[in-house]
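Just so you know, the sequences run in chain order Y and L. Going by this note's numbering, the first sequence opens with residue 1, and the numbers climb by one from there. Going by this note's numbering, the second sequence opens with residue 413, and the numbers climb by one from there. From the three backbone atoms N, C-alpha and C, an ideal C-beta is built for every residue, glycine too. Working notes, beginning with the structure itself.
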Amino acid sequence: MSGMSIILKKELKRVFGDKKLVFSMFILPAIIMIALYGIMGFMVGKMNSDIEEHINKVYVVNSDDRMKNAITQSGFDKTSDITYLSEADYRANEQEYRDEILNGNAEMIIYMDQDFDQKFKAYVDSSSPVPALKLSYNTTENYSQNTYGMFMNGVLEVYRTGLLEERVGSLDLLNVFDLQNDVIEKEEKAQSRFISMMLPYMIVIMLFAGAMGVGVDAMAGEKERGTLASMLLSPVKRTSIAAGKIVAMMILSGISAIVYVVSMMVAMPVMSLMGGEETAMAEGFGGLSLNLVQGLQLAAIALALVFLFVAVISFLSIRAKDTKAASTLISPCYIVVIVAGMLTMFMSGKEVPVYRYLIPVYGNAIAIKDICNGELLATNFLASLAGTVIIAIILTIGIAKAFDDEKIMFNA
Amino acid sequence: MIQINGLTKIYKLNAKKMQELKTKENKKIAVNNVSLEARPGEIFGLLGPNGAGKTTTLRCVATLLKPTKGSVSVCGFDTIKEGAKVRDSIAFLTNEIKLDPNFSADYMFKFFGHLHGMSDEQIVARQEELFGVFGINDFKNKKIEELSTGMKQKAAIAVSLVHDPKVVIFDEPTSGLDIVTARSVTDYLKHLRDCGKTVIVSTHIMSEAEKLSDRIGVIIAGQKVEEGTLPEILERNQAEDLEDAFFKLYSKYHVEK
Numbered sequence: 001m002s003g004m005s006i007i008l009k010k011e012l013k014r015v016f017g018d019k020k021l022v023f024s025m026f027i028l029p030a031i032i033m034i035a036l037y038g039i040m041g042f043m044v045g046k047m048n049s050d051i052e053e054h055i056n057k058v059y060v061v062n063s064d065d066r067m068k069n070a071i072t073q074s075g076f077d078k079t080s081d082i083t084y085l086s087e088a089d090y091r092a093n094e095q096e097y098r099d100e101i102l103n104g105n106a107e108m109i110i111y112m113d114q115d116f117d118q119k120f121k122a123y124v125d126s127s128s129p130v131p132a133l134k135l136s137y138n139t140t141e142n143y144s145q146n147t148y149g150m151f152m153n154g155v156l157e158v159y160r161t162g163l164l165e166e167r168v169g170s171l172d173l174l175n176v177f178d179l180q181n182d183v184i185e186k187e188e189k190a191q192s193r194f195i196s197m198m199l200p201y202m203i204v205i206m207l208f209a210g211a212m213g214v215g216v217d218a219m220a221g222e223k224e225r226g227t228l229a230s231m232l233l234s235p236v237k238r239t240s241i242a243a244g245k246i247v248a249m250m251i252l253s254g255i256s257a258i259v260y261v262v263s264m265m266v267a268m269p270v271m272s273l274m275g276g277e278e279t280a281m282a283e284g285f286g287g288l289s290l291n292l293v294q295g296l297q298l299a300a301i302a303l304a305l306v307f308l309f310v311a312v313i314s315f316l317s318i319r320a321k322d323t324k325a326a327s328t329l330i331s332p333c334y335i336v337v338i339v340a341g342m343l344t345m346f347m348s349g350k351e352v353p354v355y356r357y358l359i360p361v362y363g364n365a366i367a368i369k370d371i372c373n374g375e376l377l378a379t380n381f382l383a384s385l386a387g388t389v390i391i392a393i394i395l396t397i398g399i400a401k402a403f404d405d406e407k408i409m410f411n412a
Numbered sequence: 413m414i415q416i417n418g419l420t421k422i423y424k425l426n427a428k429k430m431q432e433l434k435t436k437e438n439k440k441i442a443v444n445n446v447s448l449e450a451r452p453g454e455i456f457g458l459l460g461p462n463g464a465g466k467t468t469t470l471r472c473v474a475t476l477l478k479p480t481k482g483s484v485s486v487c488g489f490d491t492i493k494e495g496a497k498v499r500d501s502i503a504f505l506t507n508e509i510k511l512d513p514n515f516s517a518d519y520m521f522k523f524f525g526h527l528h529g530m531s532d533e534q535i536v537a538r539q540e541e542l543f544g545v546f547g548i549n550d551f552k553n554k555k556i557e558e559l560s561t562g563m564k565q566k567a568a569i570a571v572s573l574v575h576d577p578k579v580v581i582f583d584e585p586t587s588g589l590d591i592v593t594a595r596s597v598t599d600y601l602k603h604l605r606d607c608g609k610t611v612i613v614s615t616h617i618m619s620e621a622e623k624l625s626d627r628i629g630v631i632i633a634g635q636k637v638e639e640g641t642l643p644e645i646l647e648r649n650q651a652e653d654l655e656d657a658f659f660k661l662y663s664k665y666h667v668e669k
């Protein structure tokens, strides 16, 4: 066995030989993620059904028969407790009605002009006054907000259509053109729109988090405990020790990232199942389908990213005095990774120049987005790999040199 | 055989270190022109107060530090040019270098055996011998972190000797051990000497150095101030015992510095 493989085996055993560590590194995050999304789905579902089942208290002031019919026709009266008020009744207790809305005890006041019908009938041209319909509701109360939506989409549409028909005689007169939507799009891009926005961000964040979990302890932790020095006393080359540790960390953080992604894939349907209906996020995750080449491209980019992240974390950790100092050094890198991932979420469809693919993390995130959309060009794919791997190799050389540096290893 | 010729080790100090050490100089001479020799079949006792330069000297021998000036050779291998061969020839044990607490003594023994290029059969044979001598078999499968100080030290000594090295360098090997365990360690060091190994022991315990060492070297303020057998040192310093000689040397060289 070569020195590198002995070190690699030991590093893997350190994790896989410890049931508690395996549970906390790989199983617990999956359980937490699935449980968290399940709870979120359950809470959202509960909130939605609660809103649907709630009887909304609504006041209608100066209502005419058309409004009453519209309310009945749209079914608004089935979910609402409606009180019809005259102008005098309303004015007598106006503040009380408004306070009810403010305190969440009533959902909406629909106030129609006293002379609504006269103004409507007296309409001649655009210079004629139009009657007012005032809706009072509370945007900070879910029930009130929902009542407003139901009224706008249901009652008001029926009411407006009825009035227009009365004014022009036939609604056909208002039909001046036939609008036809002809959507031209790549099916895979349309299906994976959401995931292509989210996946690059999620992958870079999760890979970094996975690498950070194992990297800090494997370098700064071992240095702090004095166990790294014992390995440096062996005849094995320092580069072999560094390589063994880095490959082990790549494997561990890769597994950790796979666990995160699979958990996310499982968590989304769980979320919609618990919520009783499909959420936009859950639907979006179902839309991604990759062919073999795209799958391999994604795996290659993920591998390059893991290599880079492990190299960055190891490079900083080995220079830190202890794990606390290492975490302090790594935190700014985590922020950079988050920002790089986020930048790709809000990109327009403008063509990205090749040099941007060379930028580590950012270029990889764009490439992942392109893979999801089925648009990754071979040159861009290679550029994104080259930029990342070159930096990772430079850092790895730096790590191997650090193992030989007595100032770094022994604070000499 | 260990040969140290004119070893000098100078540490560069950054501003923070200068502040810590309350000095205006941006360097610290840890070891200054030290030459000594430890031969096969002898135990060489290295004495000196804290911060005298003993550990730095031993670290240079173990290839963990590079000499600023001078040279060190172990079994004829230069520590700079042939570091891997030197490391394969020595056992090095200090309080600052520890076994991974997440593993058992059994695993660590095999791990370091493999790092030294040993076969499974060689490791098993060596393990039977060393684990038997130090009574490690009873706790060999327990994690290092679960062991007492004495057990940890026994495990560390056994692991350091896995590859049957020609040179053994132990820094404070009996530190923190009970009298029974300490005795088993010193007895084994004598056994190693009798097997023709070169043994260097750094210690603060004068009585231990007196009983154990065939020759003794004293380092004070980075300089070797004495080297010889116990009778030679006592005669030169007109002292009754080693402790007496040490204090005479200490007051002489420490004050002069």
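- Taking 7 Å as the CB threshold, F582 (chain L) stays off the interface with chain Y.
- Here L102 (chain Y) has N138 as same chain residues with Cβ atoms under 7 Å from its own Cβ, once five neighbours each way along the sequence are excluded.
- Using a Cβ-Cβ cut-off of 7 Å, K578 (chain L) does not count as an interface residue toward chain Y, since no Cβ of chain Y sits closer than that to its own.
- When the beta-carbon positions are compared, G387 (chain Y) and A365 (chain Y) stay at least 7 Å from each other.
- Counted as a single uninterrupted DSSP element, the alpha helix (DSSP H) harbouring Y143 (chain Y) occupies residues 142–150.
- Contact of L527 (chain L) with chain Y is assigned, a C-beta pair being separated by under 7 Å.
- By the criterion of at least three beta-carbon pairs nearer than 8 Å, the segment 455–471 of chain L is in contact with the segment 628–645 of chain L.
- Going by DSSP, M108 (chain Y) is part of the beta strand (DSSP E) stretching over 108–112.
- Straight through space, the alpha carbons of L164 (chain Y) and K121 (chain Y) are spaced by roughly 11 Å.
- At a cut-off of 7 Å, the C-beta of T227 (chain Y) has a neighbouring C-beta in chain L.
- Spanning the alpha carbons of V597 (chain L) and D590 (chain L) requires a straight line of approximately 11 Å.
- Here E351 (chain Y) carries a coil assignment [DSSP, helix/strand/coil].
- By alpha-carbon distance to D490 (chain L), the top candidate from L:T469, L:K434, L:I416, L:V637 is L:I416.
- Judged by DSSP secondary structure, T420 (chain L) falls within the beta strand (DSSP E) whose first and last residues are 414–424.
- Counting only the Cα atoms, T344 (chain Y) lies some 26 Å from G215 (chain Y).
- Contact of R14 (chain Y) with chain L is assigned, a C-beta pair being separated by under 7 Å.
- Taking a contact to require three or more Cβ pairs closer than 8 Å, the segment 452–462 of chain L and the segment 519–528 of chain L do not qualify as touching.
- Chain L has a Cβ within less than 7 Å of the Cβ of S230 (chain Y).
- Residues of chain Y with a Cβ closer than 7 Å to the Cβ of N514 (chain L) are, in chain order, R14, D18.
- By DSSP's assignment, D583 (chain L) forms a beta bridge with L:S614.
- In the same chain as Y90 (chain Y), and ignoring 5 residues on each side of it, the C-beta atoms closer than 6 Å to its own belong to V61, in chain order.
- Collapsing the DSSP output to three states places E454 (chain L) in a strand.
- The three-state secondary structure of G640 (chain L), taken from DSSP, is strand.
- Inclusion of S127 (chain Y) and K369 (chain Y) in the CB contact set at 7 Å is not warranted, their separation being larger than that value.
- In its chain, beyond the 5 residues on either side, T323 have a beta carbon closer than 6 Å to the beta carbon of G221 (chain Y).
- Under DSSP, Q635 (chain L) forms a beta bridge with L:I632.
- A distance below 7 Å separates the beta carbons of F546 (chain L) and K566 (chain L).
- Close CB contacts of N444 (chain L) within its chain, under the 7 Å cut and outside five residues either way in sequence, are with T420, G634, Q635 (chain order).
- In the three-state reduction of the DSSP assignment, S501 (chain L) falls in the helix class, which pools H, G and I.
- Between I422 (chain L) and Y665 (chain L), the alpha-carbon positions lie close to 19 Å from each other.
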